[in-house]
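If you use the UniProt record's numbering, the sequence shown closes out at 98, no skipped numbers anywhere. We treat Cβ as the ideally placed atom computed from N, Cα and C, and that holds for glycine. Just so we're clear, the structure is a prediction, and the values are computed from it rather than from any experiment.
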Amino acid sequence: MIIENFTKDEPKKYMVHEMDMIYVEDIQYTTPFFEIFFAYNMTQCVILCPIFTAFDGSFCIATNHLCLKLKLMSHKVRRAFKDARNTNELRAKVREAM
1 MIIENFTKDE
11 PKKYMVHEMD
21 MIYVEDIQYT
31 TPFFEIFFAY
41 NMTQCVILCP
51 IFTAFDGSFC
61 IATNHLCLKL
71 KLMSHKVRRA
81 FKDARNTNEL
91 RAKVREAM
């Protein structure tokens with residue numbers, strides 16, 4: 001694409017997100033409209049990429065935290081069943097685990 005821009009007089013233009021735009025199909029790739037819409041799409045990418053990355057990262061952290069909490073709780077419940085001597089002690093230990 002970059003070499004094509006330097007070697008041809010009329011290079012093929014590509015949108016950031018290629019789509020069919022209703023009501024402007026005939027002027028979609030003309031000079032002023034294409035540059036304005038390309039800049040608009042690039043601005044969206046620059047703004048939305050960090051937001052998505054932060055959300056995705058926080059989701060991974062929350063998922064790992066939940067997995068660890070569930071593992072710890074299952075370990076406590078297993079120990080409660082192993083160490084309990086009677087029903088009341090078992091109930092107290094399971095309640096404490098949860």
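Assuming residue i contacts residue j (C-beta within less than 8 Å), just tell me the rounded distance between them.
i, j, result
"residue 73", "residue 97", "6 Å"
"residue 34", "residue 13", "6 Å"
"residue 81", "residue 90", "7 Å"
"residue 41", "residue 21", "Actually they do not touch by this definition, with Cβ atoms about 11 Å apart."
Taking all protein chains shown into account, do 16 or more other C-beta atoms lie within 10 angstroms of the C-beta of residue i, making it buried, or fewer, making it exposed?
i, result
"residue 39", "exposed"
"residue 54", "exposed"
Taking only beta-carbon positions, decide if residue i is within less than 7 Å of chain B.
i, result
"residue 28", "The structure shown has no chain B; it contains just one protein chain."
TODO: For the region 34 to 48 and the region 62 to 70, state whether three or more C-beta atom pairs, one from each stretch, are separated by less than 8 Å.
DONE: no
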